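Residue numbers (the working numbering), protein chains in the order written: chain A, 508 to 874; chain B, 7 to 168. Notes follow once the structure below has been shown.
Below, the structure is given as structure tokens:
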């Protein structure tokens, strides 16, 4: 008997699948090898951080924020502590502001390195992976020597940072910055300039500008679709308005550009850290804040540019020691929605590359 | 900083829908009844000169006697920001979905439904997103009872014959 036509079937990918970078699960509907539909299923890492925040004091919640985007811990806490400081009208010492910027941008570089590394690993490129992780290790060492933790430093406090950096921090940072141009050259040579990488990624998974805006995509994924928008420039928080840096933008809208824009952003982060390294003043790193924090009644919405997309902190205070509501808008959670839109018609091996280019981290998707 | 022109636009909008405007800490906030939310958001999206055309966040909020849906609007082309709050009844929390304006509000609305039990009318796929499908209750509501460790331990004991 001859079978006419083809039959659609569904395949379950994840939550334990090496290419899903965590515990992401998707039900893939396939026609042969061609993807017809993808249903993302999330919630495997849901810890209920928003609910937890309501039963903890403002200070007690800081370590939890690091666990949102665990590849770039400092930037999450930066958003949270700045939102609470806005609510309480607290001034932060100059040195602490600079240290915060240095840590946040180092976190961004570390996060982007992991993204480039795992992106190359998904198309079987082992060497770029080992190069990126080798260099990321140096950033984690910097975190470790200051705060004791590597991925979730828990370094920021409401009113400053927990302690000053140790003596050996600044020389180590300087040598890292000096080695960076060579590293970037290496990544370019071995991954972005590679013919196989280019043929696997160029013009795959197009996300047009209008669709990206309608899907509320933020962060580097939006900038790779031709929208030059970055909260650090549009609504500078902390002391970002003092630094001279560019917002990279690419117009290819494809998987390659979503990878490549991260490399460009690493270069801009390097510029910021270099300026902060040059200008950092001496002085205290923590302002005087009361032992028991009681922000006045009010609400605040604070936005920061996380490596994975824009993060928004909506904090409602009822005047007590615990917040009435902490809402965390994470970039990666909203960005998941681009996956079903852009994979239609691509083969299953392209699905893996497209997924890698979205740069999701499940800690942020599932909260 | 809130620009004067945005202030004018928002007060016009408030007059149309009988809403209240508040401003503190440099943030403009408009509170309206949940019935008018679709019209209010469409108008805010099409404000002349200061369009608030990017839905930055959508979340639920429990105030005890009623629920709220909070919309944080901004724009990719300007500094304008606006927060619109829609009031809904606690017993019958029905509100129009904004997925027809912003496709990306799909997941945000599903999350608000999952956590607060807000019913978004017109949503294409209103299912729980974080919790499993047969989970009972809405965890982010203030009256949700968190089980103690002892209770949970009892629940984990498997009944005989299961």
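Glycine residues also receive a C-beta, built at the ideal position from the N, C-alpha and C atoms. Owing to the predicted nature of the structure, the values given are computational and were not obtained by experimental measurement.
Residue state for residue 133 of chain B is assigned as coil, using DSSP reduced to three classes. With respect to residue 623 of chain A, residue 736 of chain A sits apart: the two C-beta atoms are not nearer than 8 Å.
Here the alpha carbons of residue 39 of chain B and residue 66 of chain B stand approximately 14 Å from one another.
Apart from the 5 residues on each side of it in sequence, residue 146 of chain B sits with its Cβ closer than 6 Å to the Cβ of 121, 122 in its chain, given in chain order. In the three-state DSSP reduction, residue 78 of chain B falls in the strand class (E or B). The three-state secondary structure of residue 659 of chain A, taken from DSSP, is coil.
In terms of Cα proximity to residue 778 of chain A, the closest of A:749, A:699, A:631, A:866 is A:749.
Pairwise C-beta distances place the stretch 712–730 of chain A out of contact with the stretch 587–597 of chain A, as fewer than three of them are shorter than 8 Å. Using beta-carbon distances, residue 593 of chain A counts as an interface residue toward chain B, with a partner under 8 Å. Taking a 10 Å sphere around the C-beta of residue 653 of chain A, we find 16 or more other C-beta atoms and assign the residue as buried.
For the stretch 751–825 of chain A, the continuous beta strand (DSSP E) assignments of 3+ residues that do not extend past its boundaries occur at 805–813, 816–824, in sequence order. When A:838, A:534, A:526 are compared, the shortest CA-CA separation from residue 517 of chain A is found for A:534. With fewer than 16 other beta carbons inside 10 angstroms of its own, residue 48 of chain B counts as exposed.
For residue 38 of chain B, the uninterrupted beta strand (DSSP E) segment begins and ends at 33–39.
Against chain A, the CB of residue 129 of chain B has no partner CB under 8 Å away; the residue lies outside that interface. Its chain contains 645 as the residues whose beta carbon lies nearer than 6 Å to that of residue 683 of chain A, once the 5 sequence neighbours on both sides are disregarded; these appear in chain order. In this model, residue 864 of chain A and residue 766 of chain A are separated by some 6 Å (Cα to Cα). The alpha carbon of residue 868 of chain A has as its nearest neighbour, out of A:670, A:782, A:838, A:803, the alpha carbon of A:838.
Around the beta carbon of residue 844 of chain A, a 10 Å sphere encloses 16 or more other beta carbons of the protein chains shown; the residue is thus reported as buried. One alpha carbon belongs to residue 852 of chain A, the other to residue 710 of chain A, and they sit about 13 Å apart. Taking 8 Å as the Cβ-Cβ cut-off, the stretch 838–871 of chain A approaches chain B at 840, 841, 843, 844, given in chain order.
If you compare the alpha carbons of A:780, A:678, A:631, A:811 with that of residue 738 of chain A, the shortest gap goes to A:811. Setting aside the 5 residues that flank it on each side, residue 117 of chain B is surrounded in the same chain by 135, each with a C-beta closer than 6 Å to its C-beta; the list follows chain order. As DSSP reads the structure, residue 66 of chain B sits in a beta bridge with B:75. Burial of residue 86 of chain B is indicated by the presence of at least 16 other C-beta atoms within 10 angstroms of its C-beta.
The continuous alpha helix (DSSP H) containing residue 622 of chain A extends over residues 601–629.
Comparing alpha-carbon positions, the option among A:522, A:566, A:697, A:665 lying closest to residue 593 of chain A turns out to be A:665.
Using a CB distance cut-off of 8 Å, residue 665 of chain A does not count as an interface residue toward chain B. Burial of residue 103 of chain B is indicated by the presence of at least 16 other C-beta atoms within 10 angstroms of its C-beta. The Cβ atoms of residue 861 of chain A and residue 872 of chain A lie no closer than 8 Å to each other. Within chain A, 549, 550 have C-beta atoms less than 7 Å from the C-beta of residue 135 of chain B, given in sequence order. If you draw a straight line from the Cα of residue 819 of chain A to the Cα of residue 579 of chain A, it is about 16 Å long. Among the residues of chain B, those whose CB is under 7 Å from the CB of residue 553 of chain A are 136, following chain order.
Taking a 10 Å sphere around the C-beta of residue 840 of chain A, we find 16 or more other C-beta atoms and assign the residue as buried.
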